[in-house]
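Undergrad: The following block contains the structure, expressed as structure tokens.
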Amino acid sequence: MVKMVCFECGQTNRVPAERLDAGPKCGTCGAALVEGKARELDAETLAKAIRTDEMPLVVDFWAPWCGPCRMMAPEFSKAAGSLKGKARLVKVNTEMHPQAAASFGIRGIPTLIAFAKGREAGRQSGALPAAQIEAFAARAS
Ligand SMILES: [Zn+2]
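When we follow the working numbering, the leftmost residue of the sequence shown carries the number 2, and every step to the right adds one.
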């Protein structure tokens, strides 16, 4: 079983590992748990997912005013699709959630942090192409 938080309602779900590719849905709200898309998270859901998720989580700390962040956005989405079932990729808008950026000591954006088993497993600053985001996620998991 793989534990993961629903990004829609925050509920913890347990998904059999062999069903990760079968479009598992949240038992509470029905949202897709493994969708291969980069989803925006708020600080509270992020904290819960870091504590709970047994699938690696890759977080893009970004802001709308940041040019390199906007440049990387389509690459990050592409990587989210390629990594579907292996890692979940999420975005945190540091302008809307400055306390999340502060608690992880984000000094520049974009910054990627990979979390695995409740701990930070890797950190990388600066815009990256999709292939390098995928390599970063693979190193961390
Ligand atoms: Zn849900």
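For each residue, glycine too, the CB sits at the ideal point set by N, CA and C.
Note that the structure is a prediction, hence the values are computed from the model and not measured.
Going by the DSSP bridge assignment, what does VAL16 pair with across the sheet?
TA: DSSP lists VAL3 as partners of VAL16.
Undergrad: Can you check whether the CB of LEU47 is closer than 7 Å to the CB of VAL35?
TA: No, they are not a contact pair.
Undergrad: Among LYS79, LEU42 and ALA50, which residue has its Cα nearest to the Cα of ARG15?
TA: Cα-wise, what sits closest to ARG15 is ALA50.
Undergrad: Using three-state DSSP, classify SER142 as helix, strand or coil.
TA: DSSP places SER142 in coil when its eight states are reduced to three.
Undergrad: Report the partner residues of SER126 according to the DSSP bridge assignment.
TA: Bridge partners of SER126: THR112.
Undergrad: Pick from SER104, ILE110, ARG52 and ARG124: whose alpha carbon is nearest that of GLY11?
TA: Cα-wise, what sits closest to GLY11 is ARG52.
Undergrad: Using the Cα positions of ALA101 and ALA88, report the straight-line distance between them to the nearest angstrom.
TA: About 20 Å.
Undergrad: With distances taken between CB atoms, is the gap from SER83 to ALA39 smaller than 7 Å?
TA: No, Cβ-Cβ distance for SER83 and ALA39 is not below 7 Å.
Undergrad: Quick check on this structure: which residue in ALA132, MET73 and CYS67 has the alpha carbon closest to the alpha carbon of THR95?
TA: Here the closest residue by C-alpha is CYS67.
Undergrad: Rounded to a whole number of angstroms, what is the C-alpha to C-alpha distance between ALA103 and MET72?
TA: Spanning the two alpha carbons is a distance of roughly 23 Å.
Undergrad: If we call anything under 7 Å between Cβ atoms a contact, is ALA117 one with ALA136?
TA: No, Cβ-Cβ distance for ALA117 and ALA136 is not below 7 Å.
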